[in-house]
Every structure is written in structure tokens, then in C-alpha cells.
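A.B. asks:
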Amino acid sequence: MNGTTRPRSHAAFARAKELIPGGVNSPARAFGGVGGEPIFFADALGQRLTDLDGHVYLDYIGSWGPMILGHRHPRVVAAIERALATGTSYGAPTEAESRLAELIIAAVPSIEKVRMVSSGTEAAMSAVRLARGFTGRDKLVKFAGNYHGHVDSLLVAAGSSAATLGVPNSPGITAGTAADTIVLEYNDVEGLERTFKAQGRTIAALLMEPVVGNMGLVRPTREFLAAARKLTLAHGALLVFDEVMTGFRLAYGGAQEVLGVTPDLTTLGKIVGGGLPLGAYGGRRDVMDHVLPAGKVFQAGTLSGNPLAVAAGTATLEELRDNPPYARLERHGARLEQGFRDAAAAAGQPVWIARVGSMMTMFFQRGPDAVPVTGWNTACLSDTARYADFFWKMIDRGVYLPCSQYEALFFSDAHTDADIEATVAAAAASLAA
Ligand code: HOZ
Numbered sequence: 022m023n024g025t026t027r028p029r030s031h032a033a034f035a036r037a038k039e040l041i042p043g044g045v046n047s048p049a050r051a052f053g054g055v056g057g058e059p060i061f062f063a064d065a066l067g068q069r070l071t072d073l074d075g076h077v078y079l080d081y082i083g084s085w086g087p088m089i090l091g092h093r094h095p096r097v098v099a100a101i102e103r104a105l106a107t108g109t110s111y112g113a114p115t116e117a118e119s120r121l122a123e124l125i126i127a128a129v130p131s132i133e134k135v136r137m138v139s140s141g142t143e144a145a146m147s148a149v150r151l152a153r154g155f156t157g158r159d160k161l162v163k164f165a166g167n168y169h170g171h172v173d174s175l176l177v178a179a180g181s182s183a184a185t186l187g188v189p190n191s192p193g194i195t196a197g198t199a200a201d202t203i204v205l206e207y208n209d210v211e212g213l214e215r216t217f218k219a220q221g222r223t224i225a226a227l228l229m230e231p232v233v234g235n236m237g238l239v240r241p242t243r244e245f246l247a248a249a250r251k252l253t254l255a256h257g258a259l260l261v262f263d264e265v266m267t268g269f270r271l272a273y274g275g276a277q278e279v280l281g282v283t284p285d286l287t288t289l290g291k292i293v294g295g296g297l298p299l300g301a302y303g304g305r306r307d308v309m310d311h312v313l314p315a316g317k318v319f320q321a322g323t324l325s326g327n328p329l330a331v332a333a334g335t336a337t338l339e340e341l342r343d344n345p346p347y348a349r350l351e352r353h354g355a356r357l358e359q360g361f362r363d364a365a366a367a368a369g370q371p372v373w374i375a376r377v378g379s380m381m382t383m384f385f386q387r388g389p390d391a392v393p394v395t396g397w398n399t400a401c402l403s404d405t406a407r408y409a410d411f412f413w414k415m416i417d418r419g420v421y422l423p424c425s426q427y428e429a430l431f432f433s434d435a436h437t438d439a440d441i442e443a444t445v446a447a448a449a450a451s452l453a454a
């Protein structure tokens with residue numbers, strides 16, 4: 022399967038399996054979608070990862086999104102060190118939290134007030150409770166293959182590792198909880214219209230990834246986004262954008278800036294914490310003021326607004342604001358996309374490639390003609406065995422891609438022109454092999 026040996030990773034995984042379920046603290050990193058054993062890492066710097074056995078890889082995961090500036094960016098490291106010198110957690114408010122809140126509100130078009138939590142999952146869970154508390158309704162609408170963390174009510178037809186590992190509806194989620202979640206196909210305008218016509222008065226929120234990263238990358242159509250906004254407004258439901266992956270990545274203002282659609286609530290994670298555990302949810306002031314203690318919707322957390330995470334997030338956002346990398350990321354993304362497209366064509370491998378900025382997926386397809394991937398019904402037709410083969414061949418060439426067909430790749434501002442060219446060359450060689 023892969024030619025490179027990694028005895029220290031192998032031993033570390035064997036030990037971890039004895040101590041941690043499946044040997045990992047999150048299933049997305051278990052390599053279940055590509056077979057073989059996960060690689061254990063010892064070091065990360067800039068655009069590179071070094072594994073326990075000393076092999077170096079160009080990193081196209083970036084911790085699944087947060088590391089847009091590359092690993093150990095000097096401005097972020099300095100901010101964490103400064104925060105460290107004054108204490109790691111107070112369980113009390115700090116001025117730094119307001120500074121980060123101000124940055125988030127200035128960046129994200131729809132956010133007027135924001136609450137900090139510790140992960141994207143917490144942000145989604147809290148947004149759901151808030152939407153229900155605000156509207157007094159129970160039902161949620163979500164899309165198959167969209168992933169909003171491991172929140173019970175949203176772990177229905179879920180993407181990411183839930184889809185990769187075959188548990189889109191996890192055991193442990195009660196039938197009652199699942200019954201309050203309506204699952205639709207992404208980009209299906211008619212399905213959306215039918216659902217709101219029939220059940221609009223019971224729907225608290227429509228949750229969506231405005232650009233999906235969790236079934237591989239899938240773009241929304243203009244009509245679909247417009248329908249989502251129009252129907253939620255018409256029926257008094259809240260539109261919630263999950264921008265955990267896309268926030269501060271597709272643009273400083275996230276996907277909503279690029280797409281020109283303003284949701285009622287937005288969930289954030291990953292980049293907002295600059296590589297430390299921090300999530301956030303925010304949106305309309307009148308909705309956010311329902312959160313306790315301003316309002317009555319309960320949500321709390323000992324480490325919410327943790328000083329180290331706030332410092333890392335603040336430094337990351339300030340760097341993105343002061344030195345926007347988005348034009349360079351787009352240029353590199355376009356080159357990567359074209360290079361992968363040419364390599365697949367030369368190898369006679371049918372693919373569907375979807376990309377927005379620095380997020381991209383090459384779906385391996387089975388037929389001779391490319392089939393547009395518009396939602397889970399088409400994403401799930403991918404030739405995952407071919408993807409796995411490609412993944413391992415890229416590993417052997419020092420390129421660390423997502424370990425599942427159903428995850429988007431991310432690259433950083435630290436990736437150079439030469440890195441992108443080396444990746445394109447590795448893809449051409451891997452596809453031809
Ligand atoms: N949200 C990440 C990408 N789908 C996965 C992170 C994880 O589950 O470890």
C-alpha cells in the first residue's frame with residue numbers, strides 16, 4: 022500500500038490503541054477512509070510536518086483548517102507566549118476577549134454580537150439551542166453530508182468522519198432527537214421549498230455549510246443560497262451558517278462575504294482560535310441577547326474565552342487583517358486545481374474537482390465522464406479505493422493530503438510557489454503510477 026516504513030509511528034499507534042479508543046482522540050485522523058495506520062507527528066513548522074520517523078511532508082490539512090498562516094507563525098507564537106506569562110485560565114472575564122470579539126464583529130458581515138466557546142461543536146450546539154429558544158420551535162433542517170460537529174441533533178446524515186467511517190447516524194442518538202431534524206439534499210431548491218411549505222411553522226433553524234468542506238468540497242448554487250435565505254425569512258426560521266471551516270479562510274469575512282448572503286447566526290471554530298481550542302457563535306444582536314445572562318438561553322463553559330486561545334485567535338485575525346493572504350491563496354489554489362486537473366486527464370482518471378480559494382477536493386469518479394458533485398447523493402458515488410491509492414502514493418512523495426475522499430484539503434499562506442509546483446508534480450507522478 023505504501024512504500025515508506027514508519028516503525029516509530031507504528032509503535033506509537035500500537036500503544037495508543039491500548040489506551041485511547043481506536044488510538045486517536047478524533048476519528049477523522051484514524052485513516053479509516055484510506056486504510057493503513059495513522060502517521061504520528063513530532064513537529065510542525067510553516068507548511069511542513071515531520072513525523073516520528075523523521076519523514077517530512079507538505080501539509081495539506083493544516084490541522085483540518087486552523088493553520089491558514091502555517092504552523093508556528095511568529096506573530097501567533099509571540100502572542101501565546103505573552104499570554105502564558107500572565108496566567109492560563111481565570112474563569113473570569115478579560116479585556117482580551119472584547120478585543121477578539123471586536124475583531125470578529127468587524128470581520129464577519131452578519132455578526133453584531135458574539136459568544137466564545139471552546140470548539141466548533143460547542144458553537145453549533147449553542148446556536149441550535151439559541152435558535153430554538155428564540156423561535157420557540159423544535160425542528161431543524163440540515164443537509165446530508167454537512168457536518169456541524171458531534172452535536173446529537175446534527176449528527177444525522179452527517180459528513181466528515183461520520184460519513185467516512187459509515188456512521189452518519191451514530192448509535193446513542195435517540196429517535197426523538199433525530200425526529201426533530203429534517204435532512205435534505207444540498208443544492209435541492211425544490212426539496213427546500215416543499216419542506217418549508219409543509220413544515221415552515223415548526224422550523225427553528227436551517228443549518229448549512231455555505232460552502233461544504235465535510236463531504237469533500239461542494240459549492241452551493243446561487244439559487245439554492247437565495248432560496249435558503251428567502252424561505253427562512255418568510256417562515257420566521259433562523260438561517261445559521263456553519264463557517265467553522267470557511268470563516269476567515271475563503272475571505273476575511275468568510276463565505277458569507279464571498280457569497281453575499283447574510284445569515285442570522287454564524288458558527289466559527291478553527292482559524293478563530295489560531296490553532297488553539299476556541300469556537301464562537303454570533304449574529305443578530307436581538308437574537309444573541311437571548312443568551313444567558315443577557316437573556317434566558319443557557320450556555321456556559323469554564324474555559325470559554327481562554328486567555329491562550331484568545332491570544333492565538335487575536336494574533337491570527339490581526340495578521341489576516343493586516344496582511345491579507347487571500348489573493349495569493351487564490352493564485353496557488355488555481356494553480357493546484359489546474360495541475361491536478363491536467364494530471365488526472367493525462368492519466369485517464371475521471372475526476373470532479375471543486376475548489377474555493379484554499380480549500381479543494383478532487384473526487385475520484387468511476388465512469389468515463391465527470392459527474393458534477395452537487396450534494397451527498399453524488400459525492401457518495403466516488404471511487405474511494407482510487408482515492409486511497411492516490412493518498413498513499415502522495416504520502417510516499419512527501420505530500421500529506423486529507424485521509425478521506427470526504428474531506429477538503431487546506432493549504433496555508435506559508436506554502437510557496439515551489440511547494441505548489443512540487444505538489445502538482447507529485448500528483449502527476451502518483452496518478453500515472
Ligand atoms: N472537522 C474536521 C474536518 N471535517 C474534522 C476534525 C476532527 O473530527 O478531528
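Its first residue numbered 22, the sequence shown is counted upward by one per residue in my numbering. Here a beta-carbon is modelled for each residue, glycine too, at the ideal position from N, C-alpha and C.
Label E340 either buried or exposed according to how many other C-beta atoms from any shown protein chain fall within 10 Å of its C-beta, with 16 as the threshold for buried.
C.D. replies: Under this definition E340 is a buried residue.
A.B. asks: Buried or exposed, going by whether 16 or more other CB atoms sit within 10 Å of the CB of N208?
C.D. replies: buried
A.B. asks: Tell me the rounded alpha-carbon separation between F432 and S379.
C.D. replies: Approximately 6 angstroms, taken between the alpha carbons.
A.B. asks: M22: buried (16+ other C-beta within 10 angstroms of its C-beta) or exposed?
C.D. replies: For M22, the pLDDT reaches just 47, beneath the cut-off of 50, and the residue's location in the model is therefore unreliable, although a value from the coordinates is still provided. It counts as exposed.
A.B. asks: Check for me: the beta strand (DSSP E) holding D301 runs from which residue to which?
C.D. replies: Per the sequence shown, the amino acid found at residue 301 is Ala instead of Asp. Segment 300-304, the beta strand (DSSP E) holding A301.
A.B. asks: Per DSSP, H92 is paired with what?
C.D. replies: Per DSSP, the beta-bridge partners of H92 are G67.
A.B. asks: In the DSSP assignment, find the beta strand (DSSP E) that holds K134 and state where it starts and stops.
C.D. replies: 134-138
A.B. asks: From the DSSP output, in three-state form, read off T395 for me.
C.D. replies: Secondary structure at T395: coil, using DSSP grouped into helix, strand and coil.
A.B. asks: With L186 as the anchor, note down where its beta strand (DSSP E) starts and where it stops.
C.D. replies: Where L186 is concerned, there is no enclosing beta strand (DSSP E), given that its DSSP letter is neither H nor E.
A.B. asks: Can you tell me whether M457 is helix, strand or coil according to DSSP?
C.D. replies: Outside the shown range of the chain, which is 22 to 454, sits residue 457, and nothing can be said about it.
A.B. asks: Cβ of N46 versus every heavy atom of the ligand HOZ: is any distance shorter than 6 angstroms?
C.D. replies: no
A.B. asks: Curious, which full-length beta strand (DSSP E) runs of at least 3 residues does the region 265-352 contain?
C.D. replies: Secondary structure within the region 265-352: the beta strand (DSSP E) runs of 3 or more consecutive residues, fully enclosed, are 286-289, 300-304 (chain order).
A.B. asks: Which residue's Cα is closest to the Cα of T185: G67, P423, V265?
C.D. replies: P423
A.B. asks: Taking only heavy atoms of the ligand HOZ into account, decide whether any of them is closer than 6 angstroms to the Cβ of S181.
C.D. replies: yes
A.B. asks: Would the beta-carbon of S403 fall within 7 angstroms of that of Q370?
C.D. replies: Not in contact: S403 and Q370 (Cβ atoms no closer than 7 angstroms).
A.B. asks: Quick one: give me the first and last residue of the alpha helix (DSSP H) that D173 is part of.
C.D. replies: Premise fails: D173 is in no alpha helix (DSSP H) and is neither H nor E.
A.B. asks: Using a Cβ-Cβ cut-off of 6 angstroms (strictly less than) and excluding sequence neighbours within five positions of D173, which residues of its own chain qualify?
C.D. replies: I194, T198
A.B. asks: Between the Cα of G237 and those of A453, M88, D74, R376, spot the shortest distance and give me the residue it belongs to.
C.D. replies: Of the candidates A453, M88, D74, R376, R376 places its Cα closest to the Cα of G237.
A.B. asks: Using 7 angstroms as the threshold, is the C-beta distance between R306 and K163 below it?
C.D. replies: no
A.B. asks: Three-state secondary structure (DSSP) at L227?
C.D. replies: strand
A.B. asks: If you run the structure through DSSP and keep just helix, strand and coil, what is M22?
C.D. replies: Bear in mind that a pLDDT of 47 at M22, under 50, signals an unreliable position, so the model cannot answer this.
A.B. asks: For F412, which three-state DSSP category applies?
C.D. replies: In this structure, F412 counts as helix in the three-state DSSP scheme.
A.B. asks: Within its chain, find whatever has a CB closer than 6 angstroms to the CB of G43; leave out the 5 residues flanking it on each side and keep chain order.
C.D. replies: Only A51 meet the Cβ criterion.
A.B. asks: In the structure shown, what three-state DSSP assignment does T202 receive?
C.D. replies: In the three-state reduction of the DSSP assignment, T202 falls in the strand class, which pools E and B.
A.B. asks: When every heavy atom of the ligand HOZ is checked, does at least one fall within less than 6 angstroms of the C-beta of A104?
C.D. replies: no
A.B. asks: Name the residue from G83, G294, G295, G166 whose alpha carbon lies nearest to the alpha carbon of N235.
C.D. replies: Nearest to N235 by alpha-carbon distance, out of G83, G294, G295, G166, is G166.
A.B. asks: Short of 7 angstroms in beta carbon distance, which residues of its chain neighbour A348, apart from the five on each side in sequence? Order them along the chain.
C.D. replies: none
A.B. asks: Determine, using beta carbons only, whether L252 and A152 come nearer to each other than 7 angstroms.
C.D. replies: no
A.B. asks: Can you round the beta-carbon distance between P16 and Q277 to whole angstroms, since I take them to be within the 8 angstroms contact cut?
C.D. replies: It is not possible to answer for residue 16, since the shown part of the chain is limited to 22 through 454.
A.B. asks: In its own chain, which residues sit with a C-beta less than 7 angstroms from the C-beta of V318, not counting the 5 before and 5 after it?
C.D. replies: R150, L151, G154, H311, V312
A.B. asks: On a Cα-Cα basis, can you pick out the residue from F34, G141, F269, D440 that is closest to L79?
C.D. replies: D440
A.B. asks: Please report the distance separating the alpha-carbon of R158 from that of G275.
C.D. replies: A direct Cα-Cα distance of roughly 28 angstroms separates R158 from G275.
A.B. asks: Among residues of its own chain, excluding the 5 on either side of S191, which ones have a beta-carbon nearer than 6 angstroms to its beta-carbon?
C.D. replies: L176
A.B. asks: Can you round the beta-carbon distance between Q68 and A391 to whole angstroms, since I take them to be within the 8 angstroms contact cut?
C.D. replies: About 30 angstroms separates the two Cβ atoms, so there is no contact after all.
A.B. asks: Cα-Cα, which of H169, S30, G326 is closest to L297?
C.D. replies: G326
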